[in-house]
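Engineer: This structure is in structure tokens; I'll ask about it shortly.
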Amino acid sequence: MAKDKKLVKNITPRDENFAQWYTDVVREAELCDYSSVKGCLNYLPNGYAIWELIQADLDRRFKETGVENVSLPLLIPESLLEKEADHVEGFAPEVAWVTHGGMERLQERLCVRPTSETLFCDLWARTVKSYRDLPKVWNQWNSVLRWEKTTRPFLRSREFLWQEGHTIHATYEEAEERTIQMFHVYEDCYRETLAIPFVSGRKAEHEKFAGAQDTYTIEALMHDGKALQSATSHFFGSGFPDAFGIKYIDKNNEPQSVYETSWGWSTRSIGGLIMVHGDDDGLVLPPHVAPVECRVIPIAQHKEGVLDRAYALFDELKRAGYRVKIDDSDKSPGWKFAEQEILGIPTRIEIGPKDIENNQVVVVRRDTREKIIVKMDEIAGKLRDILEVIQQDMYNRAKDFLNAHIDTATELDEMKEKFKQNRGFVKACWCGDPECEGEVKYVTGGAATRCLIEDEEMISDKCIWCGKPAKHMAYWGKAY
RNA sequence: CGGAGUGUGGCUCAGCUUGGUAGAGCGCUACGUUCGGGACGUAGAGGCCGCAGGUUCAAAUCCUGUCACUCCGACCA
Numbered sequence: 035m036a037k038d039k040k041l042v043k044n045i046t047p048r049d050e051n052f053a054q055w056y057t058d059v060v061r062e063a064e065l066c067d068y069s070s071v072k073g074c075l076n077y078l079p080n081g082y083a084i085w086e087l088i089q090a091d092l093d094r095r096f097k098e099t100g101v102e103n104v105s106l107p108l109l110i111p112e113s114l115l116e117k118e119a120d121h122v123e124g125f126a127p128e129v130a131w132v133t134h135g136g137m138e139r140l141q142e143r144l145c146v147r148p149t150s151e152t153l154f155c156d157l158w159a160r161t162v163k164s165y166r167d168l169p170k171v172w173n174q175w176n177s178v179l180r181w182e183k184t185t186r187p188f189l190r191s192r193e194f195l196w197q198e199g200h201t202i203h204a205t206y207e208e209a210e211e212r213t214i215q216m217f218h219v220y221e222d223c224y225r226e227t228l229a230i231p232f233v234s235g236r237k238a239e240h241e242k243f244a245g246a247q248d249t250y251t252i253e254a255l256m257h258d259g260k261a262l263q264s265a266t267s268h269f270f271g272s273g274f275p276d277a278f279g280i281k282y283i284d285k286n287n288e289p290q291s292v293y294e295t296s297w298g299w300s301t302r303s304i305g306g307l308i309m310v311h312g313d314d315d316g317l318v319l320p321p322h323v324a325p326v327e328c329r330v331i332p333i334a335q336h337k338e339g340v341l342d343r344a345y346a347l348f349d350e351l352k353r354a355g356y357r358v359k360i361d362d363s364d365k366s367p368g369w370k371f372a373e374q375e376i377l378g379i380p381t382r383i384e385i386g387p388k389d390i391e392n393n394q395v396v397v398v399r400r401d402t403r404e405k406i407i408v409k410m411d412e413i414a415g416k417l418r419d420i421l422e423v424i425q426q427d428m429y430n431r432a433k434d435f436l437n438a439h440i441d442t443a444t445e446l447d448e449m450k451e452k453f454k455q456n457r458g459f460v461k462a463c464w465c466g467d468p469e470c471e472g473e474v475k476y477v478t479g480g481a482a483t484r485c486l487i488e489d490e491e492m493i494s495d496k497c498i499w500c501g502k503p504a505k506h507m508a509y510w511g512k513a514y
């Protein structure tokens, strides 16, 4: 009977109220806490540890491609922000301003960085002189501030942690290549490390980053059928650098423009992890980003020898390189099981008198609850295999879910119907006019283009809204 | 920025209509019994009721203002 019962209280079922479920999981797993400033989070150890693992993985991938880390200021003078017209127009409504230093009013107000393109360009305008100074392939791990009106933990906060990479290159082609290269780094990291599948591609014209010529996006599908823009890579051409007066002298002693890129990945990815993999009992973390891969839970730990054996196992796993913890608190075993599940720890090892007697342990998978009996002297090796299987299975399940929620439509009614019934993405063709997209968004209750599909044959030659010749095929979806 | 709602021990909330000794459950602390799916008993600690005014002999409760947060919209490279 107990098996049929919902094992974890305090978490609203996912299908009953997804938004509430999300909030419950964030709270119960102690990932973050609201601070006294709206939209600014306290990242708690469980949440920050996930970010550290993502950070380490991404940073390694970046450095393999030659990225160098730097740190630029928190504040941007207003005059600097205003140098690129599209950029300032895009960000002006959501920047916060510093107007005073101590008691004195500042001559020029300073905005708290919403992103740092302007700071990088300002620096490069003063320091880049020659083709020998190029390329610059820099990145910073920091936080930025955007004065959002509606905020949600991880998904949309005012201050958020991220990395922002900024590069400049001597040629258009090299910069474009770098944009796509970093886009692929993001794709690999989502797939291999976060076990999150996605659709991806270029953004439509009006959805691009303020000032960008091209924006590449990764769009993951959450369990409620809504898309989450999960990382973006932008190609600026030379518009931005030109506005800042960045020029270099080429081999022929001629001044030339530089070409710029930027790319970012934020703590929003943690929200994606929760909403792609989580279930009614809480968080489910892919092993590669699980701060704790395995929790050892002694059963009947007051009995002679149980705790000693459990500690020995714990030490052995730690020496073998696992991120492992032991729960030797005086809570009941049921409590400990539930807690491990809420936290999303990928495996637990139960070790009790029966196991010790049989020289075995019981490994329980978080994702499937499958119990696997493993001989005591084989566990240090086998656990790695089990974790890898979990990682792979989680990706495959999410991939199946994504595939099952991608549909096509060639007529508007068909599309409306599909958004009414099937959650997810719908492929449809479009003339490229933002007004048509707006109309579609209105009649479907919020579905817009998420990214363009450029490597497949178009399923129709006319726009889903106006019927005029289609320029693009796109994934449409409702988004966070 | 529009609509709605909520501020009372750490958490979830009751009490407010009809003003009169500040409550419950959970959590926390100590001790004891338990221990293979959220155990139980006993004892205990913890609150100027978001803030500021006002009405009153008396305000968590009524009035005015204010601040904050949550949800739904609009907005959101």
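In this text, residue positions in the first sequence follow my numbering: the first is 35, and each later residue adds one.
By construction, the Cβ of each residue, glycine as well, lies at the ideal position given by its N, Cα and C atoms.
All figures in this text were calculated on a predicted structure; none of them were measured in a lab.
(1) Keeping to the same chain, check which residues put their C-beta closer than 8 Å to that of V477; ignore five residues upstream and five downstream.
(2) Between G298, A414, G73, which lies nearest to H218 when the distance is taken from Cα to Cα?
(3) Comparing alpha-carbon positions, which option in W464, H134, A482, E422 lies nearest M507?
(4) From H200 to V460, what distance separates their C-alpha atoms?
(5) By DSSP, does I390 sit in helix, in strand, or in coil?
(6) According to DSSP, what are the bridge partners of T483?
(7) What are the complete alpha helix (DSSP H) segments, minimum 4 residues, inside the segment 147-215?
(8) Among the residues of its own chain, which have a CB less than 7 Å from the CB of A438, if the five just before and after it don't count?
(9) If you compare alpha carbons, which of D389, V330, L307, A462 is closest to F188?
(10) Under the rule that 16 or more other beta-carbon atoms within 10 Å means buried, what is K405, buried or exposed?
(11) Relative to the C-alpha of C155, which candidate in R343, L78, E116 has its C-alpha closest?
(12) Can you tell me whether D467 is helix, strand or coil according to DSSP?
(13) Can you give me the Cβ contacts of P148 inside the same chain, cut-off strictly under 6 Å, excluding the 5 residues immediately before and after it?
(14) In the structure shown, what three-state DSSP assignment does W499 receive?
(15) Across the segment 204-212 and the segment 223-231, are there enough close Cβ pairs to call them in contact, namely three or more that are closer than 8 Å?
(16) Mind checking whether P387 and K337 have CB atoms under 7 Å apart?
(17) May I ask you to list the residues that DSSP assigns as paired with F459?
(18) For L417 versus G235, is the C-beta distance shorter than 7 Å?
(19) Which residue comes first and which comes last in the beta strand (DSSP E) that contains G271?
(20) Going by DSSP in three states, T57 sits in which element: helix, strand or coil?
(21) Let's test the definition: count the other Cβ atoms within 10 Å of the Cβ of M35 and tell me whether it reaches 16, buried, or not, exposed.
(22) Taking the Cβ atom as the reference point for each residue, do D389 and V397 lie within a distance shorter than 7 Å?
(23) Leaving out five residues on either side along the sequence, give the residues of the same chain with a beta carbon under 6 Å from the beta carbon of G279.
(24) For D58, which option in G312, L436, C470 has the closest C-alpha, if you only look at C-alpha atoms?
(25) If distances are taken between C-alpha atoms only, which option among K433, P275, I331, Y250 comes closest to H121?
(26) Could you compute how far the alpha carbon of F435 sits from the alpha carbon of E373?
(27) Which partner residues of A254 appear in the DSSP bridge assignment?
(28) With which residues is C145 paired in a DSSP beta bridge?
(29) Taking 8 Å as the threshold, find out whether the segment 494-504 comes into contact with the segment 466-476 through three or more Cβ pairs.
(30) Would you say the segment 245-254 touches the segment 97-114, given that touching needs at least three Cβ pairs under 8 Å?
(31) Roughly how far, in whole angstroms, is the beta-carbon of L106 from the beta-carbon of L144, given that I think they are within contact range, below 8 Å?
(32) Between A334, K409, S291, A238, which lies nearest to S366 when the distance is taken from Cα to Cα?
(33) List the DSSP bridge partners of L67.
(34) Count the other C-beta atoms from every protein chain shown that fall within 10 angstroms of the C-beta of I407, then say buried if there are 16 or more, exposed otherwise.
(35) Starting from the N-terminal side, write out each stretch of the alpha helix (DSSP H) that is 4 residues or longer and does not extend beyond the segment 320-379.
(36) Under 7 Å between the Cβ atoms of L87 and V323?
Structural biologist: Taking the definition as stated:
(1) Here residue 477 is taken as the residue at index 443 of the first sequence, counted from 1. Cβ within range, chain order: L446, K450.
(2) Indexing the first sequence from 1 puts residue 218 at position 184. If we check each option's Cα against that of H218, G298 comes out closest.
(3) Looking up residue 507 in the first sequence gives position 473. Taking only the C-alpha atoms, the option nearest M507 is W464.
(4) If you number the first sequence from 1, residue 200 lands on position 166. If you number the first sequence from 1, residue 460 lands on position 426. Taking the straight line joining both Cα atoms gives about 33 Å.
(5) For this step, residue 390 is matched to residue 356 along the first sequence. Helix at I390.
(6) As a position in the first sequence, residue 483 is number 449, starting the count at 1. Its beta-bridge partners are W510.
(7) 151-161
(8) Mapped onto the first sequence, residue 438 falls at position 404. Counting only Cβ-Cβ distances below 7 Å, and skipping sequence neighbours, we find nothing.
(9) Residue numbering aside, residue 188 sits at position 154 when the first sequence is read from its first letter. Here the closest residue by C-alpha is L307.
(10) Walking along the first sequence from the start, residue 405 turns up at place 371. The residue in question, K405, is exposed, as its Cβ has fewer than 16 Cβ neighbours within 10 Å.
(11) In the first sequence, the residue the question calls residue 155 occupies position 121. Minimum Cα distance to C155 is reached at E116.
(12) Looking up residue 467 in the first sequence gives position 433. Coil.
(13) Within the first sequence, numbered from 1, the residue matching residue 148 stands at position 114. Here the set comprises F125, V129, V178, R180.
(14) Walking along the first sequence from the start, residue 499 turns up at place 465. W499: coil per DSSP, three-state reduction.
(15) no
(16) By one-based count along the first sequence, residue 387 stands at place 353. By one-based count along the first sequence, residue 337 stands at place 303. Taking 7 Å as the Cβ cut-off, P387 and K337 qualify as a contacting pair.
(17) The residue given as residue 459 occupies position 425 in the first sequence. According to DSSP, F459 bridges with I440.
(18) Locating residue 417 in the first sequence gives position 383, counting from the first residue. Locating residue 235 in the first sequence gives position 201, counting from the first residue. Cβ distance not < 7 Å, so L417 and G235 don't count as in contact.
(19) Working through the first sequence from its first residue, we reach residue 271 at position 237. Where G271 is concerned, the enclosing beta strand (DSSP E) stretches over 261-271.
(20) The sequence position of residue 57 within the first sequence is 23, counting from 1. Helix at T57.
(21) Residue numbering aside, residue 35 sits at position 1 when the first sequence is read from its first letter. Because the pLDDT of M35 is 22, which lies under 50, any placement of that residue in the model is unreliable, and the question is left without a value.
(22) Working through the first sequence from its first residue, we reach residue 389 at position 355. Working through the first sequence from its first residue, we reach residue 397 at position 363. No.
(23) Here residue 279 refers to the residue found at position 245 of the first sequence. Contacts found: A159.
(24) Counting from one through the first sequence, the residue named residue 58 turns up at place 24. Ranking G312, L436, C470 by Cα distance to D58 puts G312 first.
(25) On the first sequence, position 87 is the one that residue 121 refers to. Per the Cα distances, P275.
(26) For the purposes of this step, residue 435 is taken as residue 401 along the first sequence, with counting starting at 1. For the purposes of this step, residue 373 is taken as residue 339 along the first sequence, with counting starting at 1. So the alpha carbons of these two residues sit roughly 27 Å apart.
(27) In the first sequence, residue 254 corresponds to position 220, counting from 1. Looking at the DSSP output, A254 sits in a beta bridge with L262.
(28) Position 111 of the first sequence holds residue 145. Partner(s): I110, W131.
(29) yes
(30) no
(31) One-based indexing of the first sequence puts residue 106 at position 72. One-based indexing of the first sequence puts residue 144 at position 110. Actually they do not touch by this definition, with Cβ atoms about 14 Å apart.
(32) Translated into the one-based positions of the first sequence, residue 366 becomes position 332. Selected option, being the one with the closest Cα: A334.
(33) In the first sequence, counting from the first residue as 1, residue 67 sits at position 33. Correcting the residue type first, residue 67 is Asp in the shown sequence and not Leu. Looking at the DSSP assignment, D67 forms a beta bridge with N76.
(34) As a first step, residue 407 is located in the first sequence; it is residue number 373 there, counting from the start. Exposed: under 16 other Cβ atoms inside 10 Å.
(35) 340-353, 367-377
(36) In the first sequence, counting from the first residue as 1, residue 87 sits at position 53. In the first sequence, counting from the first residue as 1, residue 323 sits at position 289. For L87 and V323, yes; Cβs fall inside 7 Å.
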